[in-house]
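See below for the structure under consideration.
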Amino acid sequence: MTPMTDQYERSAEFVDIMLAAHWSALAPGLVEALHGSVGPIVDVGAGGGHGTRVIAQAVPDAEVVAVEPSPALRSVLLARVNESPELRDRVTVLPDGLLHAELPPQVGAVVAMNVIGHFTPAERHVVWDLLIRRLLPAGRAVVNLQPPAAPVQVPQARFSDLRIGRRRYEGWGRAEPAGPDQITWHMTYRTFQDGHLTEETAVEYAWWVLGEDRLKAELGEHGLRLDPTGPAELGMYVITRAPEQPGVAVTADARVCVGAGQCVLAAPDVFDQDAETGLVVLLDEAPPTPLADAVRRAAHRCPSGAVTVRNEVR
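Going by the working numbering, the sequence shown opens with residue 15, and the numbers climb by one from there.
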């Protein structure tokens, strides 16, 4: 997350209680996604600790590192961890954002629920690089994508209505586009007692929108894959290392070439024709895996056998 003041300073007392119902829906899917995981497990943007508690229950023997940069939310998190002997022995709370936290060198899982939109597109790539470097070979990350997936206006709606003692609390939210990949959320929290409005708190924060297709493309650039998990309406995904794909290594011998033609037609990103001699020019000795089939076709069509292809795993 980009450096900033604590955007939850004024809303923390409402955020934690209003997220409880949301976590009741998320918990079963997260437990399933973490099945078979080992520690340490990093809880990114742990907030008040609803997810931290689910992680600890899902993987009973794992150490949990809960990362939360907001002092207001972290005070709730630390109190929640401290009041539970089970959590107190296993959960370490770090007062930093993910990109600045002192994490274990290798982790079994990373959980990033309700938090990806706080990272800029550039920061997301740092996160994906962190995953490929820190995750154990069989490790995984669990994330969710919250609507909208594009910078569109979201009409005002009530997302929470709950009662504690004599008081009733409402949470309202709306969003407006704030750029090509960003929206601004406007949140209003209202407190009522005996039917009368006693307090109203309004806050706003920036959110970077992200859809499944773009997320999948970004992860692919870092050797990671994306798979949906849990009920579709929750927008939950598991990120793992992409399996090694068979690639190709190419050589092109201009000494035996009788004139580039079919190879260029089959794989123009890999082969070209010398303007003066008409002979083959190799543009990429190790073309990307998606071009492997085209390169093999080029070698098959070469009448002089000037193009040689060998398989290799990447």
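Every residue gets a Cβ at the ideal spot worked out from N, C-alpha and C, and that includes glycine.
Residue i and residue j closer than 9 Å at C-beta
i      : j      : result
ILE197 : VAL157 : no
ALA312 : ALA289 : no
GLY122 : ILE55  : yes
VAL264 : VAL278 : no
VAL125 : ARG148 : no
GLY62  : VAL90  : yes
ALA320 : GLY292 : no
ALA76  : LEU101 : no
ALA115 : VAL78  : no
LEU40  : ALA60  : no
LEU44  : VAL68  : yes
ARG204 : TYR183 : yes
ALA47  : THR243 : yes
GLN120 : LEU144 : no
GLY261 : ASN325 : yes
HIS132 : TRP221 : yes
Backbone secondary structure at residue i - three-state DSSP
i      : result
GLU258 : coil
MET201 : strand
PHE206 : strand
ASN128 : coil
LEU48  : coil
GLU226 : helix
ARG269 : coil
LEU297 : coil
ASP57  : strand
GLY111 : coil
PRO123 : What sits at residue 123 in the sequence shown is Ala, not Pro. Note: ALA123 maps to strand in three-state DSSP.
THR16  : Because THR16 carries a pLDDT of 42, less than 50, the predicted location of this residue cannot be relied on, and no value is offered for it.
ALA281 : coil
Exposed unless 16 or more other CB atoms sit within 10 angstroms - verdict on residue i
i      : result
PRO83  : buried
ALA300 : exposed
THR66  : buried
LEU233 : buried
ASN96  : exposed
ALA26  : buried
SER51  : buried
ASP208 : exposed
PHE173 : exposed
LEU248 : buried
HIS64  : buried
LEU211 : exposed
GLY225 : exposed
First through last residue of the beta strand (DSSP E) which encompasses residue i
i      : result
ALA189 : 181–193
SER174 : 168–178
THR243 : 238–243
PRO151 : 149–158
GLN21  : Counting along the chain, GLN21 falls outside any beta strand (DSSP E), and DSSP gives it neither H nor E.
ASP286 : 285–287
VAL79  : 78–81
Below-9 Å beta-carbon distance, residue i vs any chain B residue
i     : result
HIS64 : Protein chain content of the structure displayed is limited to a single chain, and chain B is not contained in it.
Alpha-carbon to alpha-carbon, residue j and residue i
i      : j      : result
MET239 : ILE178 : Looking at the sequence itself, residue 239 is Arg, so the reference to Met does not match. Approximately 43 Å, taken between the alpha carbons.
HIS286 : PRO317 : As written in the sequence, residue 286 is Asp, which differs from the His given in the question. If I take the Cα positions, the gap works out to 16 Å.
ARG310 : VAL295 : 16 Å
ALA266 : VAL272 : 12 Å
VAL58  : VAL129 : 7 Å
ARG269 : ALA192 : 58 Å
THR322 : ILE146 : 33 Å
TRP142 : GLN170 : 33 Å
PRO185 : LEU117 : The sequence shown places Gly at residue 185, not Pro. Approximately 34 Å between the Cα atoms of the pair.
ALA164 : LEU113 : 25 Å
GLU214 : MET201 : 10 Å
ARG188 : GLU137 : 25 Å
Residue i beta carbon near the ligand GTP (any heavy atom closer than 8 Å)
i      : result
PRO119 : You won't find the ligand GTP in this model; it holds no ligand whatsoever.
Endpoints, the alpha helix (DSSP H) within which residue i is located
i      : result
ASP307 : 306–315
ASP75  : That residue, ASP75, is in no alpha helix (DSSP H); it is neither H nor E in DSSP.
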